[in-house]
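Read through the structure below, which is laid out as structure tokens, and then see the notes.
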Amino acid sequence: MRKFLYILAFSFVMPSVCLAASQKLGLMEDQGISVVKEPINKGIDLCEKLNCPPTAPCTVENGSPTCRCTDTSCGQGAQCVNGSCQNCEKGTQCNCPSGKLADGNGACESPDYCSPNPCKGTTPLCTQDSRIPAGYACGCSSNSCGAGSKCSVPCDAVKLVCVKDPATAVVLIYNCTYCEDGETGCNCPAGQVADGKGGCRANCTAGQTDCPMCSEGQVYDGTKCRMPCDGVVCPSGYQCQNGDGTACCTTKCYRGQLNCPECLSGQVYDGTKCRYPCEGVICPLGKQCQNGNGKGCCVAVPGVLQGASPTNCVENPDCGKRLANGIIGYCQCIRTDYNARTGL
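The sequence shown begins at 112 in my numbering and counts up one residue at a time.
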């Protein structure tokens with residue numbers, strides 16, 4: 112019974128204690144003592160008062176809000192410099208999408224890469240496309256390649272590789288390549304064909320002896336002009352003799368030999384060919400060359416003393432001899448049978 116009374120008494124006391132605590136808290140507030148509550152979003156509250164533009168969002172630094180741009184807030188064609196957005200220089204990438212550049216006024220534009228034309232030389236054709244890494248690519252034209260070359264290699268300007276099938280190229284351009292040896296239509300001058308090395312040669316065939324690009328006596332071997340004996344090795348005791356487009360191994364003779372088996376009667380071997388002694392000899396006026404034994408001799412031309420006109424030319428056995436007056440007489444006209452010019 113006593114225990115029950117204790118419990119009952121305690122139940123009546125507790126409300127009084129709680130009420131007293133509540134009354135005490137109210138008393139503290141009434142006396143000017145309060146608890147300061149920190150706002151959860153204090154920084155956001157401060158930024159709302161600044162009303163910062165989208166290009167310069169608000170940021171709190173050292174407890175103070177400020178409007179400052181970021182690397183991405185300025186938009187296309189502009190950039191953040193010291194907290195403020197500034198227009199980028201014209202022609203720079205500056206936050207612009209692929210294929211566009213800054214216009215200098217805070218926006219982006221599609222540039223005209225091909226005006227003025229940056230492509231020159233053998234690849235003067237400018238192709239502009241936003242898919243090309245550089246924005247444009249240079250290709251050749253039908254007549255821009257050098258002599259001995261042609262515009263025929265298909266390439267992909269996007270992948271920067273040449274292709275076998277032009278249809279597989281994303282952006283197709285063409286490059287120059289050497290023509291095959293003997294190929295025509297390769298920007299060569301008239302009468303010439305490609306030499307297969309990026310140049311041109313005369314339109315000659317192998318074995319041709321009258322090729323315009325060859326010197327006298329040479330033959331075109333399909334790649335170059337040469338003497339027939341060039342590169343020919345004859346057996347011991349024989350030598351190579353240049354013929355008309357052919358090389359002949361003949362009995363070896365020495366320079367000045369009179370009886371070379373390969374020469375005709377009266378000819379002499381001059382070290383390269385057989386010839387008559389008077390070939391290439393020019394005699395003084397009034398004399399003519401006479402073939403001697405391996406030598407050409409200039410002798411006086413028989414003729415007459417009288418008459419200066421060719422119509423008066425007659426045989427005179429005394430012409431060319433020393434006369435009584437000490438003068439040696441020569442013919443005064445051209446003797447057709449000797450084909451020599453003479454005079455007093």
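For every residue, glycine included, the Cβ atom is placed at its ideal position computed from N, Cα and C.
{"Item": "Drop a sphere of 10 angstroms on the beta-carbon of Lys-308, count the other beta-carbons inside from all chains shown, and report buried for 16 or more, exposed for fewer.", "Value": "exposed"}
{"Item": "What residue range is occupied by the uninterrupted beta strand (DSSP E) comprising Glu-172?", "Value": "169-172"}
{"Item": "Going by C-alpha to C-alpha distance, which of Pro-176, Gly-217, Arg-312 and Pro-235 sits closest to Ser-184?", "Value": "Gly-217"}
{"Item": "Counting pairs of Cβ atoms below 8 angstroms between the region 267-275 and the region 288-300, do you hit three or more?", "Value": "no"}
{"Item": "By Cβ distance below 6 angstroms, which residues in the same chain neighbour Lys-363 in space, the five residues on each side in sequence not counted?", "Value": "Gly-348, Tyr-349 and Gln-350"}
{"Item": "Could you tell me which residues DSSP puts in a beta bridge with Asn-198?", "Value": "Ala-189"}
{"Item": "Measure how close the beta-carbons of Cys-400 and Val-392 come, nearest whole angstrom, since I'm counting them as under 8 angstroms.", "Value": "4 angstroms"}
{"Item": "State whether the region 224-238 contacts the region 272-281, with contact taken as three or more CB pairs (one from each stretch) at a distance under 8 angstroms.", "Value": "no"}
{"Item": "Let me confirm a value: Ala-213 is counted as buried when at least 16 other C-beta atoms fall within 10 Å, else exposed. Which label applies?", "Value": "buried"}
{"Item": "Measure how close the beta-carbons of Tyr-285 and Cys-262 come, nearest whole angstrom, since I'm counting them as under 8 angstroms.", "Value": "5 angstroms"}
{"Item": "Quick one: residues in its chain with C-beta nearer than 7 angstroms to the C-beta of Thr-361, no 5 flanking neighbours on either side, listed in chain order?", "Value": "Tyr-349, Gln-350, Gln-352 and Glu-373"}
{"Item": "Report back the beta-carbon spacing between Thr-330 and Pro-339 to the nearest angstrom; my notes put them in contact at under 8 angstroms.", "Value": "Looking at the sequence provided, one finds Val at residue 330 rather than Thr. That belief holds up - the Cβ atoms of Val-330 and Pro-339 are roughly 6 angstroms apart, short of 8 angstroms."}
{"Item": "Rounded to whole angstroms, how far is the Cβ of Gln-187 from the Cβ of Cys-169, which I believe are closer than 8 angstroms?", "Value": "Going by Cβ atoms, the distance from Gln-187 to Cys-169 rounds to 22 angstroms, so no, they are not a contact pair."}
{"Item": "Starting from Tyr-289, follow its DSSP beta bridges and name the residues at the other end.", "Value": "Ser-260"}
{"Item": "Could you compute how far the alpha carbon of Ala-358 sits from the alpha carbon of Lys-335?", "Value": "16 angstroms"}
{"Item": "With 16 as the cutoff for other CB atoms within 10 Å, does Gly-318 come out buried or exposed?", "Value": "exposed"}
{"Item": "Grab me the residues of Thr-166's own chain with a C-beta within less than 7 angstroms of its C-beta, minus the 5 sequence neighbours each way, in chain order.", "Value": "Cys-180, Ser-184, Cys-185, Gly-186 and Cys-196"}
{"Item": "For the beta strand (DSSP E) containing Thr-175, list its first residue and its last residue.", "Value": "For the record, residue 175 in the displayed sequence is Ser; it is not Thr. Start and end: 175-178."}
{"Item": "Output the distance between the C-alpha atoms of Lys-384 and Gly-407, rounded to the nearest integer angstrom.", "Value": "16 angstroms"}
{"Item": "Would you call Glu-306 buried or exposed, if buried means 16 or more other Cβ atoms sit within 10 Å of its Cβ?", "Value": "Residue identity check: residue 306 is Asp in the sequence provided, not Glu. Answer is buried; the Cβ neighbour count reaches 16."}
{"Item": "Between Pro-388 and Gly-405, which are expected to be in contact by the criterion C-beta below 8 angstroms, what is the C-beta distance as a whole number of angstroms?", "Value": "6 angstroms"}
{"Item": "Taking DSSP as the reference, what is the three-state secondary structure of Pro-323?", "Value": "coil"}
{"Item": "Determine the burial state of Tyr-365: buried for a count of at least 16 other Cβ atoms within 10 Å of its Cβ, exposed for fewer.", "Value": "exposed"}
{"Item": "Roughly how far, in whole angstroms, is the beta-carbon of Gly-215 from the beta-carbon of Lys-201, given that I think they are within contact range, below 8 angstroms?", "Value": "3 angstroms"}
{"Item": "Can you give me the C-alpha to C-alpha distance between Pro-421 and Asn-402, rounded to a whole angstrom?", "Value": "Bear in mind that a pLDDT of 43 at Pro-421, under 50, signals an unreliable position, so the number given afterwards is only what the model happens to contain. Distance between the alpha carbons of Pro-421 and Asn-402: 26 angstroms."}
{"Item": "DSSP on Glu-294, reduced to helix/strand/coil?", "Value": "coil"}
{"Item": "Ordered along the chain, which non-local residues of its own chain (more than five positions away) have a Cβ less than 7 angstroms from that of Gly-328?", "Value": "Met-338 and Asn-353"}
{"Item": "Using only the alpha-carbon positions, how far apart do Leu-396 and Gly-293 sit?", "Value": "52 angstroms"}
{"Item": "To the nearest angstrom, how far is it from the Cα of Gly-321 to the Cα of Gly-382?", "Value": "Rather than Gly, the amino acid found at residue 321 in this sequence is Asp. C-alpha separation (whole angstroms): 24 angstroms."}
{"Item": "Starting from Cys-400, trace the beta strand (DSSP E) both ways and give me its first and last residue.", "Value": "398-402"}
{"Item": "Could you tell me how far apart the beta carbons of Cys-287 and Cys-251 are, in whole angstroms, since I believe they sit closer than 8 angstroms?", "Value": "5 angstroms"}
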